[in-house]
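S.K.: Chains as they are written, first to last, in our numbering: chain A, 152 to 346; chain B, 18 to 521.
Glycine included, every Cβ here is placed at the ideal spot set by N, Cα and C.
Remember, predicted model here, so these are calculated numbers, not experimental data.
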Amino acid sequence: MSAREEILGRVRSALEGVDRTGTVPPAPRVTPVADLVGRFAERVEDYRAVVERCSEADLASRVAAALPAGARVVVPPGLGVEVPGARVDDGLSAAELDALDAVVTEAVVGIAETGTIVLDHGPGQGRRIISLVPDRHVCIVRAAQVVADVPDAIAVLDPARPLTWISGPSATSDIELNRVEGVHGPRVLHVLVVD
Amino acid sequence: MSATFVGMPAFPSAARAALADTQLRHNLAHATGTIRDKRARVVAEVEEWEDLRLAGAAVKQSALVDLDRHLVRLEETLTANGATVHWARDAAEANAIVARIARDHDADEVVKVKSMATQEIGLNEALAEEGILAWETDLAELIVQLGDDLPSHILVPAIHRNRAEIREIFLREMAGVGRPAPADLTDEPAVLAGAAREHLREKFLRAKVAVSGANFAVAETGTLVVVESEGNGRMCLTLPEVLVSVVGIEKVVPTWEGLDPLLRLLPRSSTGERMNPYTSTWSGVTPGDGPQEVHVVLLDNGRTRALADDVGRQALRCIRCSACLNVCPVYERVGGHAYGSVYPGPIGAILNPLMKGTGDPQTDSLPYASSLCGACFEVCPVRIDIPEVLVHLRAEVVDGHRGDRVPKAEAAAMAGAAWTLSDARRLAWVEKASGLAGRALTRFGRTRLPGGRAAAGRIPGPGAAAWTGARDLPAPPRESFRAWWRRTDGGRTDHTDTETGEGS
């Protein structure tokens, strides 16, 4: 008998006589807050990310200011803001990306309650690797993309796409169970919230 | 089934050794205290935490009671998304599948995301036998691997190490397996994390094959989810050409929406954060982005045995947050190694016997590694009633010894009690004898309980010595209730209490 048949057979015999009609109660929803975008910015900042709010008109200059002078920068195809001197990702290798200093991307959703930014790696966000290997991630989130809590995000996200949920810079709690920032992912997360 | 650490004694002996290690107890008390406070703060922030727990438990339970259907669905959706699905009855079968995939790509090394399932099956050791090196990339796993140590916590396998010990391990061991630690390494956590970053980066950049587990596997959409903090997970899930994920069959979540309560419950319960730094989800292969060859190994390895246990089934709801370890008064004092398994603490005390079956002394000792205080149930985000399962498993262990030629002292004592209690005359005789013992102890005994009541100290003899070694046995009352009733006609003729000698 194949492993598949045997495991499924074991599952069926383990569940013999078990009532399969379980109901799942709806998960509770968070109490709405008046200033959703403010809550989002504050919660992202709690993770020791850099958070700035700006207008669409100021975005290009804010992005430039978020990048250190002389930084080698990669951007995904379709980024909605001009980053002078940046290299547009055309399938850069991991080693090539490792030689760069920063990446600028957009996002698809911001979650206010948890201070989380979600990328679905569509246009303006790029391949998963480009927002991972460079040490500084400048991420643009639009106020209209901010939702209240995790269930609202799940409802609008497409599971067929690869998703990366980001809550602050790379961190670890592995030494004496205290959070310290900066392991393998970008050690600086700079978020620009566009109102 | 999950292997017991080689040469592991039963819990009481292992615990005795651990308790004597003062450095270990200091490290554990500090770490568990820190995380308990953090968890309590972020849980208090959620107004309807109890309802969230109910929802999380129901999602996992609904997956378990219909598991065959969801597994078949998961296989369909994964395959449709371009992944290759394998099934593994046990550890050996799973290890062989991973080794074969690595060999097919001429890989002599793999990078690994922290995964309980691959620890459970001893994947690193099995790959080493095939000449394939497995690099752990989670910081705590790296500390354990470099230190040639055993994991002692589900979330933080190196919880038993403090920063000074970690610094020493890095300085001593990193050079032998790759980029050395900088000579001026300090024991600042951020500096230690930086050293791990430098050390592992070359391994990430050159790896062709990665191995992961999964926190959740969504049947409806064929999506795997990995929850992590450091970005080592993202590195492994994104950079290599080939990704193999070993996923326990209990990781199934029926629907995409079902992820909601779980993704809210897990980070607050495990690291005490509103959300962990990184969560990655992928549904098979995405052309042009990430691994272009994706394998999923669905692992049984004793899970169907646990599933068949009507009381124990709930343990398969576990999402490996380790909140139960951090609050457990037993775990906090003895640490994880004493449990002899990659699953330590309260959840390990039930998962190991459920998955392996009772019958060997080490496994059989685990359901007793608890004071049944109930703190584990209180913090469990998916409401696993661990004390209920512990008691159920204790009964199973006792039942397993019913036919013994030489009964255990406890069984002999129970048989004696049954014999005594089943006959009024025998009971009266024993009550009289115990009354005499009570008088003698009150008069001559040297041990006193708080409040002044006399007690017996250590009593010799099989069973009794073990029992009274850590407990004082209160002196029995001088007169039994039945004797008092007879003497006083139910208290109508004499109001003197012979126990205290005072009128009431």
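When you compare each of ARG279(A), ALA222(A), ASP241(A), GLN276(A) to ALA253(A) by their alpha carbons, which one comes out closest?
M.R.: Numbered from its first residue, the first sequence carries residue 253(A) at position 102. For the set ARG279(A), ALA222(A), ASP241(A), GLN276(A), the Cα lying nearest the Cα of ALA253(A) is the one of ALA222(A).
S.K.: Can you check whether the C-beta of LEU283(A) is within less than 7 Å of a C-beta belonging to chain B?
M.R.: Taking the first sequence and counting its residues from 1, one reaches residue 283(A) at position 132. At least one chain B Cβ lies under 7 Å of LEU283(A).
S.K.: Output the boundary residues of the alpha helix (DSSP H) element that contains CYS341(B).
M.R.: Against the second sequence, residue 341(B) aligns to sequence position 324. Counting along the chain, the alpha helix (DSSP H) containing CYS341(B) begins and ends at 340-344.
S.K.: Express the C-alpha separation of GLU126(B) and ALA46(B) in angstroms, rounding to a whole number.
M.R.: For the purposes of this step, residue 46(B) is identified with residue 29 of the second sequence, where counting begins at 1. For the purposes of this step, residue 126(B) is identified with residue 109 of the second sequence, where counting begins at 1. Those two C-alpha atoms are separated by around 37 Å.
S.K.: Run through DSSP, which three-state label would VAL284(A) get?
M.R.: To locate residue 284(A), count along the first sequence from 1; it is residue 133. Reduced to three states, the DSSP call for VAL284(A) is coil.
S.K.: Hey, is LEU328(A)'s beta-carbon within less than 7 Å of any beta-carbon in chain B?
M.R.: Translated into positions along the first sequence, residue 328(A) becomes position 177. With 7 Å as the cut-off, LEU328(A) counts as an interface residue toward chain B.
S.K.: Which residues, in order along the segment 291-306 of chain B, keep a beta-carbon less than 8 Å from a beta-carbon of chain A?
M.R.: ARG291, MET292, ASN293, PRO294, TYR295, THR296, SER297, THR298, TRP299, SER300, THR303, GLY305, ASP306
S.K.: In terms of residue numbering, what span does the alpha helix (DSSP H) encompassing PHE233(B) cover?
M.R.: If you number the second sequence from 1, residue 233(B) lands on position 216. Run containing PHE233(B): none in the alpha helix (DSSP H); it sits in the beta strand (DSSP E), 233-235.
S.K.: Comparing C-alpha positions only, which one of ALA426(B), SER497(B), TRP446(B) sits nearest to ALA481(B)?
M.R.: Stepping through the second sequence from its first residue, residue 481(B) is reached at position 464. Cα-wise, what sits closest to ALA481(B) is ALA426(B).
S.K.: To the nearest whole angstrom, what separates the beta carbons of ALA374(A) and LEU340(A), a pair I think is in contact under 8 Å?
M.R.: In the structure displayed, chain A extends from 152 to 346; residue 374(A) sits before or after that span and is not available.
S.K.: Once the 5 residues before and after ASP440(B) are set aside, which same chain residues still bring their CB inside 7 Å of it?
M.R.: Here residue 440(B) refers to the residue found at position 423 of the second sequence. Around ASP440(B): no qualifying Cβ.
S.K.: At the 7 Å Cβ level, is LEU140(B) part of the contact set with chain A, yes or no?
M.R.: Here residue 140(B) refers to the residue found at position 123 when the second sequence is read from its first residue. No, its Cβ sits nowhere closer than 7 Å to a Cβ of chain A.
S.K.: Quick check: what's the CA-CA separation for ASN112(B) versus ALA151(B)?
M.R.: As a working mapping, residue 112(B) is identified with position 95 in the second sequence. As a working mapping, residue 151(B) is identified with position 134 in the second sequence. Going by the C-alpha atoms only, they are around 12 Å apart.
S.K.: Assuming SER300(B) and THR380(B) form a contact by the criterion Cβ under 8 Å, report the distance between their Cβ atoms to the nearest whole angstrom.
M.R.: As a working mapping, residue 300(B) is identified with position 283 in the second sequence. As a working mapping, residue 380(B) is identified with position 363 in the second sequence. SER300(B) to THR380(B), Cβ: 38 Å. No contact.
S.K.: Name, please, each residue of chain A whose Cβ falls closer than 7 Å to the Cβ of ILE52(B).
M.R.: Here residue 52(B) refers to the residue found at position 35 when the second sequence is read from its first residue. By Cβ distance, chain A contributes LEU328.
S.K.: Give the residues of chain A in contact with VAL273(B), contact being defined as C-beta atoms less than 8 Å apart.
M.R.: Within the second sequence, numbered from 1, the residue matching residue 273(B) stands at position 256. The question names Val, but residue 273(B) in the sequence shown is Trp. From the beta-carbon of TRP273(B), the residues of chain A found nearer than 8 Å are ILE305, PRO310.
S.K.: Who are the neighbours of VAL396(B) on chain A, taking C-beta pairs under 9 Å?
M.R.: For this step, residue 396(B) is matched to residue 379 along the second sequence. Per Cβ cutoff of 9 Å: no residues; VAL396(B) is ~15 Å from chain A at best.
S.K.: Cβ closer than 9 Å: which chain A residues qualify as neighbours of TRP104(B)?
M.R.: Here residue 104(B) corresponds to residue number 87 of the second sequence, with the count starting at 1. Per Cβ cutoff of 9 Å: SER153, ALA154, ARG155, GLU156, GLU157, ILE158, LEU159.
S.K.: Assign ASP241(A) to buried or exposed, taking buried as 16 or more other Cβ atoms, counted over all protein chains shown, within 10 Å of its Cβ.
M.R.: In the first sequence, residue 241(A) corresponds to position 90, counting from 1. The residue in question, ASP241(A), is exposed, as its Cβ has fewer than 16 Cβ neighbours within 10 Å.
S.K.: Nearest-angstrom Cα distance between LEU383(B) and VAL188(A)?
M.R.: Within the second sequence, numbered from 1, the residue matching residue 383(B) stands at position 366. Within the first sequence, numbered from 1, the residue matching residue 188(A) stands at position 37. Each residue's alpha carbon lies about 49 Å from the other.
S.K.: So the beta strand (DSSP E) THR135(B) belongs to, where does it begin and stop?
M.R.: As a working mapping, residue 135(B) is identified with position 118 in the second sequence. From DSSP, THR135(B) is part of no beta strand (DSSP E) but of the alpha helix (DSSP H) over 133-137.
S.K.: Strictly under 7 Å for the Cβ-Cβ distance: is PRO313(A) near chain B by that measure?
M.R.: Taking the first residue of the first sequence as 1, we reach residue 313(A) at position 162. So yes, PRO313(A) belongs to the interface.
S.K.: Can you give me the start and stop residues for the alpha helix (DSSP H) that LEU343(A) sits inside?
M.R.: Taking the first sequence and counting its residues from 1, one reaches residue 343(A) at position 192. From DSSP, LEU343(A) is part of no alpha helix (DSSP H) but of the beta strand (DSSP E) over 339-345.
S.K.: What would DSSP say about TRP501(B), mapped onto helix, strand or coil?
M.R.: Mapped onto the second sequence, residue 501(B) falls at position 484. Here TRP501(B) sits in helix by DSSP.
S.K.: Counting C-beta neighbours from all protein chains within 10 Å, is the total for TRP436(B) 16 or more, i.e. buried, or is it exposed?
M.R.: Your numbering for residue 436(B) matches position 419 in the second sequence. Counting Cβ neighbours within 10 Å, TRP436(B) comes out exposed, since fewer than 16 surround it.
S.K.: Using the C-alpha atoms, what's the distance from CYS338(B) back to GLU519(B)?
M.R.: As a first step, residue 519(B) is located in the second sequence; it is residue number 502 there, counting from the start. As a first step, residue 338(B) is located in the second sequence; it is residue number 321 there, counting from the start. Interpretation of GLU519(B) is limited by its pLDDT of 43, a score under 50 that renders its predicted location unreliable; the figure taken from the coordinates is listed afterwards. Whole-angstrom Cα-Cα distance: 56 Å.
S.K.: Taking 7 Å as the cut-off, decide whether the C-beta atoms of ALA236(B) and HIS87(B) are in contact.
M.R.: As a working mapping, residue 236(B) is identified with position 219 in the second sequence. As a working mapping, residue 87(B) is identified with position 70 in the second sequence. For ALA236(B) and HIS87(B), yes; Cβs fall inside 7 Å.
S.K.: My assumption, with CB atoms under 8 Å, is that ALA35(B) sits in contact with HIS354(B). Please give the rounded CB distance.
M.R.: As a first step, residue 35(B) must be located in the second sequence, where it is residue number 18. As a first step, residue 354(B) must be located in the second sequence, where it is residue number 337. ALA35(B) to HIS354(B), Cβ: 6 Å. Contact.
S.K.: Closer than 9 Å by beta-carbon distance: list the chain A residues that pair up with ILE186(B), in chain order.
M.R.: Sequence index remark: in the second sequence, residue 186(B) carries index 169 (1-based). Under the 9 Å cutoff, chain A gives no residues; its nearest Cβ is about 12 Å from ILE186(B).
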